[in-house]
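*Asks:* Mind looking over this structure? Questions follow.
This is the structure in structure tokens:
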């Protein structure tokens, strides 16, 4: 097991509350935390990954860790310092769980219908303005879930999800795209390999990712699809 030192600013920038059980430096600006505490906050965001990789890890019971904790900066008497209430501890734990869930939702295997049920947990599109949004990132905009179709760098405030930016952002259907629950197709919709789509009462299975959306009916995209036998209404 490993430990690492982070600052209050590092935690605040990632919407993480320091837990009362974390050991802190004499001046209260740094915290000692277990490596696993931060693993829960890892995302596909390259900046977050680099920030985590840049932290110094101290193996448990290593000479380096013992020397650090024995230094003047970390050796001090906590007697008389305020003790956080049980209510604060509970709120801090819940807040950190929500932050970890928000960070990890990008790699969770949620169905479309499940994503619609937890749309409020997705990061808001506005959080990415001026930043890079990686392909496959799920987010919410105007209360609806979307997925980034191709990497956008940077995200510009004047180009939010709309009919004019369908090449970048796709609305996540409430349907799961299974044979039992095919996705009602609309023109310019990006087709995903393995998903089922329906149009004009006919069901198709996508066999090749379309990469981008096309202003065409499914009957014009048969090179990407195979018609499901008995899939006619």
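Numbering (our numbering), first residue to last: 14 to 246. Where a beta carbon is used, it is the ideal one built from N, C-alpha and C, also for glycine.
Taking DSSP as the reference, what is the three-state secondary structure of residue 116?
*Replies:* If DSSP states are grouped into helix, strand and coil, residue 116 belongs with the helices.
*Asks:* Starting from the N-terminal side, write out each stretch of the alpha helix (DSSP H) that is 4 residues or longer and does not extend beyond the segment 149 to 204.
*Replies:* None, since the segment 149 to 204 contains no complete alpha helix (DSSP H) of that length.
*Asks:* Between residue 93 and the rest of its own chain, which residues show a CB-CB distance below 8 angstroms, the 5 nearest in sequence each way excluded?
*Replies:* Below a pLDDT of 50, predicted positions are generally treated as unreliable, and residue 93, at 44, falls in that range; the measurement from the model is reported next regardless. Excluding sequence neighbours, residue 93 sits near nothing in its chain.
*Asks:* For residue 183, does the count of other Cβ atoms within 10 angstroms reach 16, so buried, or fall short, so exposed?
*Replies:* Per the 10 Å Cβ criterion, buried.
*Asks:* Alpha carbons only, please: which of 15, 45 and 14 is nearest the one belonging to residue 21?
*Replies:* Residue 45 is the option with its Cα nearest to residue 21.
*Asks:* Three or more C-beta pairs closer than 8 angstroms, one from the segment 73 to 86 and one from the segment 117 to 137: is that the case here?
*Replies:* The segment 73 to 86 vs the segment 117 to 137: no contact.
*Asks:* So, is residue 168 buried or exposed, given that buried needs 16 or more other C-beta atoms within 10 angstroms?
*Replies:* By the neighbour-count rule (16 or more Cβ atoms within 10 Å), residue 168 is buried.
*Asks:* Just reading off the alpha helix (DSSP H) that residue 76 is part of, what are its end residues?
*Replies:* Run containing residue 76: 76 to 83, per the alpha helix (DSSP H) assignment.
*Asks:* Helix, strand or coil, according to DSSP, for residue 18 in the structure here?
*Replies:* Of the three classes helix, strand and coil, the one that applies to residue 18 here is strand, per DSSP.
*Asks:* Under 9 angstroms, do residue 191 and residue 206 count as touching if we go by C-beta distance?
*Replies:* For residue 191 and residue 206, no; Cβs fall outside 9 angstroms.
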